[in-house]
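Residue numbering for the sequence shown follows our numbering, starting at 25 and increasing by one per position. Note sheet for the following structure.
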Amino acid sequence: PPQVPVRIPLCAITGTNGKTTTTRLTGHIMRLAGYQVGMTTTDGIYVDGEQVLKGDMTGPWSARAVLREPTVDCAVLEVARGGIIREGLGFDKANVGCVLNVQSDHLGLGGVNTIEDLARVKRLVVEVVSPDGWAVLNADNEHTRAMQKHVDGSICWFTMNGDDAFVREHIANGGRAVLPEADGKKEVIALYDNGKRHVAAAVRDIPATYDGHARFNVANAIAAVAIGCCMGVALDTIRKGLE
Numbered sequence: 025p026p027q028v029p030v031r032i033p034l035c036a037i038t039g040t041n042g043k044t045t046t047t048r049l050t051g052h053i054m055r056l057a058g059y060q061v062g063m064t065t066t067d068g069i070y071v072d073g074e075q076v077l078k079g080d081m082t083g084p085w086s087a088r089a090v091l092r093e094p095t096v097d098c099a100v101l102e103v104a105r106g107g108i109i110r111e112g113l114g115f116d117k118a119n120v121g122c123v124l125n126v127q128s129d130h131l132g133l134g135g136v137n138t139i140e141d142l143a144r145v146k147r148l149v150v151e152v153v154s155p156d157g158w159a160v161l162n163a164d165n166e167h168t169r170a171m172q173k174h175v176d177g178s179i180c181w182f183t184m185n186g187d188d189a190f191v192r193e194h195i196a197n198g199g200r201a202v203l204p205e206a207d208g209k210k211e212v213i214a215l216y217d218n219g220k221r222h223v224a225a226a227v228r229d230i231p232a233t234y235d236g237h238a239r240f241n242v243a244n245a246i247a248a249v250a251i252g253c254c255m256g257v258a259l260d261t262i263r264k265g266l267e
């Protein structure tokens, strides 16, 4: 009917590595925030934590299946390049679009022969971010960093290098960024936003990081903090989700 909202909060996550872990972390955070989450991953479609279809569900058909489900009020979608090349995304706009990294795995498939081709495909996820939405980008990867000029919304950078001059300048200008920092004797994930610093979580309290030794999962947790924040979730809820 007229005046009835027809959209639900939607975040799309892509990259060469780390997509499924980051999607699962984000989906769990959004469930704790009170949403009935529809989630697509490389191992299935999940609705409210229950697997409803098994298999690689990272294409546009899977996205449309989640968005057609009437009980779902938040979509967390893992997006792979194969589905984009075949048929696009399956949705037209995202509240948050995240690109974790672009690396030279699986080149030569589907007409994608160079890393620049691959970056152009994955860039679609941030190109569809709404003007009032957020692109979450990895400042440590030259290809994701270059995507900033294709973003209509705001940008939240994440990095594993807390001393990155580019990110620090972004923070100094009031921008949003997430990174690891020493806090006393422990390592924490710090969120900077509008000139203020917030501690999202202690790294050792996040089981997926194995006391911080699994650095790839520290990076995935940092990305999930950035996505959750850009989806409007309170830091306390994000912390509980990671823990």
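Ideal Cβ positions, reconstructed from N, Cα and C, are used throughout, including at glycine.
Restricting to Cα atoms, I'd like to know which of Q27, I37, L148 is closest to M255.
The residue labelled residue 255 in the question sits at position 231 within the sequence shown. Of the candidates Q27, I37, L148, the one whose C-alpha sits nearest the C-alpha of M255 is I37.
Measuring alpha carbon to alpha carbon, tell me which of L215, I139, D176, V160 ends up nearest G186.
For the purposes of this step, residue 186 is taken as residue 162 along the sequence shown, with counting starting at 1. Out of L215, I139, D176, V160, L215 has the C-alpha closest to the C-alpha of G186.
Rounded straight-line distance, which links the Cα of V202 to that of I246:
Within the sequence shown, the letter at position 222 stands for residue 246. Within the sequence shown, the letter at position 178 stands for residue 202. Roughly 6 Å between the two C-alpha positions.
Assign V90 to one of three DSSP states: helix, strand, or coil.
One-based indexing of the sequence shown puts residue 90 at position 66. In this structure, V90 counts as helix in the three-state DSSP scheme.
Beta strand (DSSP E) runs wholly inside the segment 158 to 243, at least 3 long, in chain order:
178 to 182, 200 to 207, 210 to 217, 220 to 226
Determine, using beta carbons only, whether V150 and I108 come nearer to each other than 8 Å.
One-based indexing of the sequence shown puts residue 150 at position 126. One-based indexing of the sequence shown puts residue 108 at position 84. Cβ atoms of V150 and I108: not closer than 8 Å.
Please go through the same chain and pick out, in chain order, the residues whose beta-carbon is closer than 6 Å to the beta-carbon of T66, but skip the five residues on each side of it.
Locating residue 66 in the sequence shown gives position 42, where the first residue counts as 1. Cβ neighbours of T66 beyond the five flanking positions: T44, D80, T82.
How many whole angstroms separate the CB atoms of I53 and V227, which I take to be in contact at a CB cut-off of 8 Å?
Here residue 53 refers to the residue found at position 29 of the sequence shown. Here residue 227 refers to the residue found at position 203 of the sequence shown. Not quite, the Cβ-Cβ distance comes to about 16 Å (not below 8 Å), so this is no contact.
N119 and P33 look like a contact to me (Cβ under 8 Å); what is the Cβ gap, rounded to whole Å?
Along the sequence shown, one-based indexing puts residue 119 at 95. Along the sequence shown, one-based indexing puts residue 33 at 9. With 8 Å as the limit, N119 and P33 qualify as a contact, their Cβ atoms being about 5 Å apart.
Check whether the segment 90 to 99 touches the segment 151 to 166, counting contact only when three or more Cβ pairs, one atom from each stretch, lie closer than 8 Å.
no
Compare the C-beta of K117 with all C-beta atoms of chain D and state if any pair is closer than 8 Å.
Among the chains in the structure shown there is no chain D, since it carries only a single protein chain.
V212: which of A170, G114, A225 sits nearest, CA to CA?
Residue 212 sits at position 188 when you count from the first residue of the sequence shown. With distances taken between Cα atoms, V212 lies closest to A225.
Bounding residues of the beta strand (DSSP E) (the contiguous stretch that carries V96)
The count along the sequence shown starts at 1 and reaches residue 96 at position 72. V96 -> no beta strand (DSSP E), and no H or E assigned at all.
Considering I53, what are the terminal residues of the alpha helix (DSSP H) in which it resides?
As a first step, residue 53 must be located in the sequence shown, where it is residue number 29. Taken as a continuous stretch (DSSP letters only), the alpha helix (DSSP H) holding I53 covers 43 to 56.
Could you check the C-alpha separation between D260 and D229 for me, to the nearest Å?
The sequence position of residue 260 within the sequence shown is 236, counting from 1. The sequence position of residue 229 within the sequence shown is 205, counting from 1. Their Cα atoms are separated by approximately 13 Å.
Select from C253, R92, C122, V123 the residue whose C-alpha is nearest the C-alpha of G114.
Residue numbering aside, residue 114 sits at position 90 when the sequence shown is read from its first letter. Closest by alpha carbon: R92.
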